[in-house]
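K.L.:
Start counting the sequence shown at 1; every next residue gets the next number (this note's numbering).
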Amino acid sequence: MSLTALLGRIVDFKVSRITEFGYFLTDGNEAVIMHKNEAKSEYTEEENV
Numbered sequence: 001m002s003l004t005a006l007l008g009r010i011v012d013f014k015v016s017r018i019t020e021f022g023y024f025l026t027d028g029n030e031a032v033i034m035h036k037n038e039a040k041s042e043y044t045e046e047e048n049v
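In structure tokens, the structure reads:
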């Protein structure tokens with residue numbers, strides 16, 4: 001499913017990679033980045049958010 005189809009929905013993503021500026025999240029098909037300023041807490045790799 002494309003990310004456009006997910007607009008307005010709450011979905012779970014898994015942290016696939018952590019960098020100094022944010023988290024790379026994936027649903028297994030698509031990937032997005034979440035800046036650390038947008039995160040509610042610190043996450044670890046493979047954690048669902």
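C-beta: ideal position from N, C-alpha, C; glycine also.
Only counting the same chain, and skipping five residues up and downstream in sequence, which positions put a Cβ closer than 8 Å to that of Gly8?
P.N.:
Contacts found: none.
K.L.:
Is it the case that the Cβ atoms of Val15 and Glu42 are separated by a distance below 7 Å?
P.N.:
No, they are not a contact pair.
K.L.:
Quick check on Lys40: does DSSP put it in helix, strand or coil?
P.N.:
In the structure shown, Lys40 sits in coil (DSSP, three-state: anything other than H, G, I, E or B).
K.L.:
Just grab the DSSP bridge partners of Leu6 for me.
P.N.:
Bridge partners of Leu6: none, in fact.
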